[in-house]
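What follows is a short report on a single structure.
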Amino acid sequence: MFIKYKNLATLALFSIYTLTSFSAWGVTQVLDRVDAFDKTSVLGMKFDDPAPRAQDFDVLINSPGSDFKACKLSATNGAYCLVGDEVINWPTGTTAGGSNIIADCKDQAFKAKSCTGMTVDLAGNIWLAVRNKGKTHNLFKLQEKDADGSCLATNNANYCATLWSEDKPLLLDLNSVDGDTATDFTGFGKSVVGLEERKTAVVFLDDGDDESVNTVITVASGKRDWGLAGNEQLQSIALLQVENPGTSAIENYLLVTTSKDRIILAETDGTPDTREVFDIAGQRDSSATQCNFDNAYYGIRTSPKSGLTYVTDKQYCQVLALLPAFDAGNNLIGLINAPEGSSDLTLSTNGTLGTFPVLGPTVAPGASIDLSECGAGESCTLVAGTSNGATMSNVTTIPGSKTGMTLFLIEGLPDCRLIPGACVALLDNIDSEADLVTENIIIDRQGSGDPAAQLLNVTPLLPREVTEPFAGTLPPLWISQQYQAQLESPKSGFFTAMFGITDANFSGVFDIEVEVAELAGGYQRGCRTGDPVNTPALTLIGGYDVAVKVSEGFVSINRDYINGNNDHEVMLTNTGCGSSRMSGSRWSLWAFDLGFSPDTYDGTSIAENDSAVFFKLLVSLYDDLEQSVNQLACIAADGQSNAPLATADCNAFSSALYNTRDKLDKCMSATLEPKNSSRSQNCQAYLSQYANLESTVADFSLAGEDPANRIGQTSVQMLVIDNVYTHLFFPSIPDAGFNPQ
């Protein structure tokens, strides 16, 4: 399944997260990050920091004496740079995280004299331009070796190297096009754009592993096509995608910088229609100070997420941010400086940390999060907003664990159970609502046709920026029937999610707080506390933003027996109030603006607008807790040698849980119609026994390996149960008692 997705360029300030309309955007991942590099360093540019900034950049990688020719920030594996004739990867994107040599251009596989360009695609494949011992150039695609060390083509030291295109002229400044951007690159698709001989823009189609079928398309070439003057040469190239404000159609252009301070645009529809769209020197702020006196050099990259074009200015140590401008007829007429207050959104690379004559920018989807900055007693920003956005705190990782995470924010996910037409329009190979079931996007119990009995597979709905790094291994991620998108406007059946990709190993419990209105369409339900008994369940549902989490790397319990065994199904994570406060034990997909379904399903029938919805939810959460501990924490369920919990802890839990369920059953029985006068006494007895169970869980000690943090997960489940009992179940007890249907 692939997303039919349209990008949208916006005229917004990018020092904060920008609200969007679900109906206008479709499913889209909206975060990105920008680095810039010079000969010896890679800088993290603070475009997402609100002005005024103390410093416009951080020095992420510093390698004195090196010769950085090209750098590419990857989606999930840090930074790659062509340094001299070696491709080096810094997996965390920083010097402190160490580095690995991926390839050496002198390797016999390439038979090369030197390397001239490099880029990396979303799947982690490296595209390398090498100069032959003659005067021609070859393009190689490097892929990680299979588990058995085999290669599809020529072996080099670390990767499989496939000759993609050979005997080309001087090949410079490669730039990969993939993900949803490739979907909208009409006539080309997944590809690599590049410059030949500093005068020709070419596109290498990524259409197979056999070089005999690989196609190279020339878009524009020479002085006549580009309108070059004298000895003017092309320096850097990027693909610009914009949504036409009049037609909403996606338009594709190639942008190039030149040695005469210009940015020139080329149409990609087969006609070499080119025109100047920005004068870098002419638009430079008069207060800018020259920091380097080499020849002028400008690197260029674009972000389909933000709509910004980033340009580095070597002589003036600056990174510019530009936006597309349209005339009254909705024709793209040029680029303009993105505004930031009363000035331009241009960042300096000359500051207290040093002077860096930058050669090029590099853009990657997602935000880079250093989990070590979110530790005990600390709070870090996940997504910046006008106030809090999304924050995380109290993170504990296992000693020696990695601490980097790439965070994606995904808007406009349709709940196919509620608005199936949106999913039919969105997904390839889906032509009818019935296909949603046959293609395993919806599991429909007994063919009910009712969302209250259906599970939703989120995986096919995710944008390619999220799915491509998994190379087809991302499993189905299921949202249970108890949780669904909110139907009131502006949500209208769409929801929002964060997806974090990390190799970190967690212990204990961390906390997340999301200002839902800021990150999910400008509207939030919030949460409820202090409601009196006899508050209708529908009232409670209408005032609650539900947050759920599911891991792609570790199975959940077999609550719904999707495949007859453990699977990847969401768990409720709301643990407190604010806008939406939640707790977690590991990362993956977090949907945070869902709602509770007002209808319930018992395996055979559906109860509509069930007043006992929280009665049944509480029972379900206790079932989850019991299965989670017994099936996942008391056995070695995650590929390790020993179970996380010792037999003594498992036995103590079983005993405490039995006593707690006994008291809960009596409490709940007293709330049934006709309501028993001993309800308060019975429920107080339950609370006392719950405290004993809570103490038992708090006393768990690690007996074996716990890669999935099952012990922390159990603690989260206890917090969720307490929150549901206190703020949802107990207030929903009717004066006359429940009458479960």
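Using our numbering, you'd call the opening residue of the sequence shown number 1 and step up by one each time.
The beta carbon of each residue, even a glycine, is placed where N, CA and C say it ideally should be.
If you're wondering where the values come from, they're calculated on a predicted model, not measured in any experiment.
- Around the beta carbon of GLY78, a 10 Å sphere encloses 16 or more other beta carbons of the protein chains shown; the residue is thus reported as buried.
- According to the DSSP secondary-structure assignment, MET118 is paired through a beta bridge with LEU128.
- Along the length of the segment 476 to 506, whole beta strand (DSSP E) runs at least 3 residues long occupy 483 to 485, 494 to 502, reported in chain order.
- Of SER342, TYR690, ASN739, ASP735, the smallest CA-CA separation from MET718 is found for TYR690.
- Counting the other Cβ atoms within 10 Å of the Cβ of PHE293 gives fewer than 16, which makes it exposed.
- The Cβ atoms of GLY93 and ILE61 sit closer than 9 Å to each other.
- If you compare the alpha carbons of PHE738, SER620, TYR725, THR647 with that of ASN676, the shortest gap goes to PHE738.
- The alpha helix (DSSP H) runs lying completely inside the segment 430 to 482 and spanning 4 residues or more are 433 to 438, 464 to 467, given in chain order.
- Rounded to the nearest whole angstrom, the C-alpha separation of LEU122 and ASP167 is 26 Å.
- Counting the other Cβ atoms within 10 Å of the Cβ of LEU487 gives fewer than 16, which makes it exposed.
- Of all alpha-carbon atoms in CYS105, ALA425, SER63, the one lying nearest the alpha-carbon of ALA96 is that of SER63.
- ASN505 is classed as buried because its beta carbon has at least 16 other beta carbons within 10 Å across all chains shown.
- The Cβ neighbour count for GLY179, taken over all protein chains shown within 10 Å, is at least 16; the residue is labelled buried.
- For the options LYS199, TRP164, SER701, the alpha carbon positioned closest to that of ASP173 is the one of LYS199.
- For the pair ALA338 and SER620, the Cα-to-Cα distance works out to about 51 Å.
- Proximity to VAL509 across ASP431, GLY500, SER393 peaks at SER393, based on C-alpha coordinates.
- Residue pairing by DSSP places GLY334 opposite ALA325 in a beta bridge.
- The Cβ-Cβ distance between THR535 and ASN723 does not fall below 9 Å.
- For GLU267, the closest of GLU232, TRP226, GLY282, THR289 by C-alpha to C-alpha distance is TRP226.
- In this structure, the beta-carbon distance from ALA36 to PHE356 falls below 9 Å.
- DSSP places GLY299 within a strand segment (E or B) once states are collapsed to three.
- Contact annotation: the segment 392 to 410 does not touch the segment 438 to 457, with fewer than three C-beta pairs closer than 8 Å.
- In this structure ASN651 is exposed. Its beta-carbon is surrounded by fewer than 16 other beta-carbon atoms within 10 angstroms.
- Residue burial annotation: ASP706 is buried, with at least 16 other C-beta atoms found within 10 angstroms of its C-beta.
- Look at TYR622 here: in three-state DSSP terms it is helix.
- C-alpha of ALA736 to C-alpha of ASP531: approximately 17 Å in a straight line.
- Residue state for SER688 is assigned as helix, using DSSP reduced to three classes.
- Between LEU477 and VAL555, the C-beta spacing is not below 9 Å.
- Taking the CA atoms as reference points, SER551 sits about 5 Å from SER588.
- A direct Cα-Cα distance of roughly 25 Å separates ASP431 from ALA471.
- Looking at ASP206, ALA201, GLU468, the one whose alpha-carbon comes closest to that of LYS223 is ALA201.
- Three or more beta-carbon pairs separated by less than 8 Å link the segment 513 to 522 to the segment 383 to 392, which places the two stretches in contact.
- Three or more beta-carbon pairs separated by less than 8 Å are not found between the segment 41 to 58 and the segment 433 to 446, which leaves the two stretches without contact.
- Burial is judged here by how many other beta carbons sit within 10 angstroms of a residue's own beta carbon; LYS663 has at least 16 and is buried.
- A contact is defined here as three or more CB-CB pairs under 8 Å, and the segment 29 to 48 meets this definition with respect to the segment 289 to 309.
- In this structure, ASP610 places its C-beta atom within 9 Å of the C-beta atom of ALA537.
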